[in-house]
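Undergrad: Below are the structure tokens for one structure; questions will follow.
In the numbering used here, the protein residues as written are -11 to 420.
Shown next, in the form of structure tokens:
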């Protein structure tokens, strides 16, 4: 009787119901649902078939909407679609770093009497009165932007390039591919600097103050201003931590004072780090991350942070050339008068004199890079290796206007219209 009243199991519909299969094993059993029935033709489950059709429709709707959006944006912003902006999208892709001197090419640019050279993001940059030219190390031009400057100057950092017209009012910010920002100020620019984060500093004046220092962030928005009617700013530097160091001159009680001032873009305070009467500051250079060398008319000062750590007097001689880099400071001193002897002096990052040697007074430029001190002369370039105390020479036979250092083993000899790569070790011969 019990079998009569036993509830019968409903018959499975293999077109709509998933099939459950129990199987035993080490884990005691698993339940697996299949989207197919058990018939010989294994037809898809109707519910999953409807979902598949819906997903397909959504796909076509998304493609249609994207196409309409693309066409609308192309029409509305057609003026913004250009080669420069497309290159800017790829600005951080660097696929052309040479690994040996054989991969460098001859670099050509427009000749001019006023030029500045630098390396920016593994490209060679030449700024002249008429243009900014960016050329990769294989010799291919990446950018050429027209300028109308009188005394162009170039400052580079890890993010941007700053080009300004010294003693005039214009400046511009560039990356590898295009000009990002330009501005014409009301009064002339006397100095400028930039840190690795893209913050930059402009020294000028205005109608009320004879010295104005303005700092802008990486979006070209002004974030800090220092104004003074008592001080004239000779030089200014902006560090990665936001510190602003100013080399200034002022008059108090009828006496002239040289001053080193320090502030920070995150604070309104500016303090006097050092002050001395009857000293005329000329320029200031960073020799290391926390080291600053200040060149005066008759002495050089070395500061570590806010502290004066060393001072060296010239004893009646004149500074002909001054350069800093990699923790070293190099100075060429000469006695006044025709045919006077000259001395090349090298100081370490503590301000300690580590080298003093005879040199020619006709040196046209001085550089410090990669543990070497380079001097430009008529028809040759000399390299003094600090660690070995040996001197090397590369004879050129032509006038070299400047040196550019893409890495520690290659130096570019820049002339008025081209730059050629020279191996630091193979391109120089030992002379003493």
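Heads up, the beta-carbon is just placed ideally off N, CA and C, and yes, glycines get one too.
The model shown is predicted, which means the values in this text are computed figures rather than measured ones.
1. For residue 335, count neighbouring C-beta atoms within 10 Å of its own C-beta (all shown protein chains included) and say buried if the count is 16 or more, exposed if not.
2. Leaving aside the five residues before and after residue 187 along the sequence, list all residues of the same chain whose C-beta is less than 8 Å from its C-beta, in chain order.
3. Any idea which residues DSSP pairs residue 132 with across the strands?
4. Taking DSSP as the reference, what is the three-state secondary structure of residue 36?
5. Within this structure, are the beta carbons of residue 317 and residue 273 separated by less than 9 Å?
6. Is it buried or exposed, residue 38, if we count other Cβ atoms within 10 angstroms and call 16 or more buried?
7. Exposed or buried, what is residue 337 when buried is set at 16 or more other beta-carbons lying within 10 Å of its beta-carbon?
8. Just curious, the beta strand (DSSP E) that residue 113 is in, first and last residue?
9. Hey, out of 145, 359, 179, whose CA is closest to residue 220's CA?
10. Which residue's Cα is closest to the Cα of residue 92: 388, 393, 228, 36?
11. At a cut of 8 Å, does the region 258 to 267 reach the region 298 to 305 through at least three beta carbon pairs?
12. Name, in chain order, the residues that DSSP records as bridge partners for residue 424.
13. Since I believe residue 170 is in contact with residue 160 (beta carbons under 8 Å), could you give me their beta-carbon distance rounded to a whole number of angstroms?
14. Does DSSP put residue 48 in a helix, in a strand, or in coil?
15. Does the beta-carbon of residue 12 have 16 or more other beta-carbons within 10 angstroms, so that it is buried, or is it exposed?
16. Pick helix, strand or coil for residue 388, following the three-state DSSP scheme.
17. Quick one, are the C-beta atoms of residue 281 and residue 312 less than 9 Å apart?
18. Counting C-beta neighbours from all protein chains within 10 Å, is the total for residue 367 16 or more, i.e. buried, or is it exposed?
19. Give the DSSP bridge partners of residue 290, in chain order.
20. Return the first residue and the last residue of the beta strand (DSSP E) that residue 401 is part of.
21. How far does the beta strand (DSSP E) with residue 250 in it extend, from its first residue to its last?
22. Do three or more CB pairs link the region 374 to 384 to the region 55 to 68 at distances below 8 Å?
23. Residue 296 to residue 278, Cα distance in whole Å?
24. My guess is that residue 415 and residue 402 are in contact by the Cβ rule of under 8 Å, so how many angstroms apart are they, rounded?
25. Going by Cα to Cα distance, which pick from 103, 155, 200 is closest to residue 177?
26. Among 240, 157, 257, whose alpha-carbon lies nearest the alpha-carbon of residue 233?
27. What residues in its chain sit with their C-beta under 6 Å from that of residue 310, if we drop five residues either side in the sequence?
28. Ignore the nearest five residues each way along the sequence and tell me which others in residue 184's own chain have a CB closer than 6 Å to its CB.
29. Which same chain residues end up closer than 7 Å to residue 118 when comparing Cβ atoms and leaving out the 5 residues on each side of it in sequence?
30. For residue 194, which of 321, 181, 213, 126 has the nearest alpha-carbon?
31. Along the chain, where does the beta strand (DSSP E) that runs through residue 164 open and close?
32. Output the distance between the C-alpha atoms of residue 384 and residue 371, rounded to the nearest integer angstrom.
33. Identify which residue in 293, 244, 288 has its Cα closest to the Cα of residue 259.
34. Beta-carbon separation of residue 408 and residue 190 under 9 Å?
35. Cα separation between residue 107 and residue 113?
36. Following the continuous beta strand (DSSP E) through residue 407, name the residue where it begins and the one where it ends.
TA: The relevant details are as follows:
1. For this step, residue 335 is matched to residue 347 along the chain shown. Its Cβ being crowded by 16 or more others within 10 Å, residue 335 is buried.
2. Numbered from its first residue, the chain shown carries residue 187 at position 199. Counting only Cβ-Cβ distances below 8 Å, and skipping sequence neighbours, we find 203, 204, 205, 206, 211, 226, 230, 253.
3. Reading the chain shown from its first residue, position 144 is the one you call residue 132. 121.
4. Sequence index remark: in the chain shown, residue 36 carries index 48 (1-based). Of the three classes helix, strand and coil, the one that applies to residue 36 here is helix, per DSSP.
5. Indexing the chain shown from 1 puts residue 317 at position 329. Indexing the chain shown from 1 puts residue 273 at position 285. Yes, the pair counts as a contact, with Cβ atoms nearer than the cut-off.
6. Within the chain shown, the letter at position 50 stands for residue 38. The residue is exposed, with fewer than 16 neighbouring Cβ atoms inside 10 Å.
7. Taking the chain shown and counting its residues from 1, the one referred to as residue 337 is at position 349. So residue 337 ends up on the buried side.
8. Start at 1 with the first residue of the chain shown, and residue 113 comes out as number 125. Where residue 113 is concerned, the enclosing beta strand (DSSP E) starts and stops at 111 to 116.
9. Here residue 220 refers to the residue found at position 232 of the chain shown. Measuring from the Cα of residue 220, the nearest candidate turns out to be 179.
10. Here residue 92 is taken as the residue at index 104 of the chain shown, counted from 1. It is 393.
11. The region 258 to 267 makes no contact with the region 298 to 305; the number of CB pairs closer than 8 Å stays below 3.
12. With the chain covering -11 to 420 only, the question about residue 424 has no answer from this structure.
13. The residue you call residue 160 lines up with position 172 of the chain shown. The residue you call residue 170 lines up with position 182 of the chain shown. Right, the Cβ-Cβ distance comes to about 4 Å (below 8 Å), so this counts as a contact.
14. Numbered from its first residue, the chain shown carries residue 48 at position 60. Three-state DSSP puts residue 48 in a helix.
15. Mapped onto the chain shown, residue 12 falls at position 24. Note on residue 12: pLDDT 49, under 50, position unreliable in the model; no value is reported.
16. Numbered from 1 along the chain shown, position 400 holds the residue referred to as residue 388. Looking at residue 388 - three-state DSSP - the assignment turns out to be coil, as it is neither helix nor strand.
17. The count along the chain shown starts at 1 and reaches residue 281 at position 293. The count along the chain shown starts at 1 and reaches residue 312 at position 324. The answer is yes: Cβ separation under 9 Å.
18. On the chain shown, position 379 is the one that residue 367 refers to. Burial call: exposed.
19. Here residue 290 refers to the residue found at position 302 of the chain shown. 281, 298.
20. Walking along the chain shown from the start, residue 401 turns up at place 413. Residues 398 to 402.
21. Here the question's residue 250 lines up with position 262 in the chain shown. Here the beta strand (DSSP E) through residue 250 covers 243 to 252.
22. no
23. Start at 1 with the first residue of the chain shown, and residue 296 comes out as number 308. Start at 1 with the first residue of the chain shown, and residue 278 comes out as number 290. Their Cα atoms are separated by approximately 12 Å.
24. Residue mapping note: residue 415 aligns to position 427 of the chain shown, counting from 1. Residue mapping note: residue 402 aligns to position 414 of the chain shown, counting from 1. Not quite, the Cβ-Cβ distance comes to about 15 Å (not below 8 Å), so this is no contact.
25. For this step, residue 177 is matched to residue 189 along the chain shown. The option with the nearest alpha carbon to residue 177 is 155.
26. For this step, residue 233 is matched to residue 245 along the chain shown. The shortest Cα separation from residue 233 among 240, 157, 257 belongs to 257.
27. Taking the chain shown and counting its residues from 1, one reaches residue 310 at position 322. Excluding positions up to five away in sequence, the list reads 283, 319.
28. For this step, residue 184 is matched to residue 196 along the chain shown. Answer for residue 184: 145, 146, 228, listed in chain order.
29. As a first step, residue 118 must be located in the chain shown, where it is residue number 130. Closer than 7 Å at Cβ, skipping near neighbours: 98, 100, 134, 135.
30. Translated into positions along the chain shown, residue 194 becomes position 206. Measuring from the Cα of residue 194, the nearest candidate turns out to be 213.
31. For this step, residue 164 is matched to residue 176 along the chain shown. Counting along the chain, residue 164 falls outside any beta strand (DSSP E), and DSSP gives it neither H nor E.
32. In the chain shown, counting from the first residue as 1, residue 384 sits at position 396. In the chain shown, counting from the first residue as 1, residue 371 sits at position 383. About 13 Å.
33. Start at 1 with the first residue of the chain shown, and residue 259 comes out as number 271. Minimum Cα distance to residue 259 is reached at 293.
34. Position 420 of the chain shown, counted from the start, is the residue given in the question as residue 408. Position 202 of the chain shown, counted from the start, is the residue given in the question as residue 190. It is not a contact, given that the beta carbons lie outside the stated cut-off.
35. Along the chain shown, read from residue 1 onward, the residue named residue 107 stands at position 119. Along the chain shown, read from residue 1 onward, the residue named residue 113 stands at position 125. If I take the Cα positions, the gap works out to 6 Å.
36. Along the chain shown, read from residue 1 onward, the residue named residue 407 stands at position 419. 406 to 411 is the span of the beta strand (DSSP E), which, as asked, contains residue 407.
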